[in-house]
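Following: one structure in structure tokens, then a few remarks.
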Amino acid sequence: MMGKGFLSLATATILNAVANGYSFGFDIVDITGMPGGTVYPALRRLEEAGFLTSAWEKERVAHAELRPRRRYYEVTKAGRLALADAVKRYRLLEASQHLRVREPKASGA
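Take 51 as the starting number for the sequence shown in my numbering and just add one per residue.
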């Protein structure tokens with residue numbers, strides 16, 4: 051998934067969500083529209099790769115709001131660099147899709 055710093059589109063989308071202030075799992079699931087079974091393992095891998103850091107909120111905060119504790123994620127410098135690279139790569143991919151407007155040349159067969 052992240053060999054040599056290359057992020058899949060799904061992983062880049064998740065990292066981008068965190069970079070834009072969506073800092074805990076359910077918020078990321080909600081904003082990306084991806085299932086938790088995709089988001090949570092990706093968050094773990096992004097943290098293992100050094101692209102994110104995380105911290106659990108205080109138990110009393112969650113208890114006061116009558117919900118489970120949240121794990122909050124933050125993008126690291128390495129994560130920002132990897133995200134910038136992924137954004138450029140996927141923009142190039144998107145731009146290349148628009149180049150295929152012409153019909154292929156007919157073969158002489």
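Yeah, the Cβ is synthetic: ideal placement off N, Cα and C, and Gly gets one too. The structure presented is a predicted model; accordingly, all values stated were derived computationally and were not measured.
Sequence-distant residues of the same chain with beta carbon closer than 8 Å to residue i, five excluded per side
{"i": "Val89", "result": "Ile64, Gly75, Ile78, Val79 and Thr82"}
{"i": "Gly100", "result": "Thr126, Ala128 and Gly129"}
{"i": "Arg97", "result": "The amino acid at residue 97 is misidentified as Arg; the sequence shows Glu. Contacts found: Thr103, Ser104 and Tyr123."}
{"i": "Pro85", "result": "Val79"}
Straight-line Cα distance separating residue j from residue i
{"i": "Glu109", "j": "Tyr123", "result": "17 Å"}
{"i": "Leu57", "j": "Ala114", "result": "37 Å"}
8 Å Cβ cutoff met for residue i and residue j
{"i": "Ala60", "j": "Ala105", "result": "no"}
{"i": "Arg119", "j": "Glu107", "result": "yes"}
{"i": "Ala69", "j": "Leu133", "result": "yes"}
{"i": "Ala136", "j": "Ala67", "result": "no"}
Residue i (DSSP reduced to helix, strand or coil)
{"i": "Arg119", "result": "coil"}
{"i": "Ala105", "result": "strand"}
{"i": "Phe74", "result": "strand"}
Cβ shell of residue i (< 6 Å), same chain only, five flanking positions each side left out
{"i": "Met52", "result": "Unreliable placement is indicated for Met52, whose pLDDT of 48 sits below 50; the coordinate value is still reported in the next sentence. Excluding sequence neighbours, Met52 sits near Ala99."}
{"i": "Tyr72", "result": "Ile78 and Ile81"}
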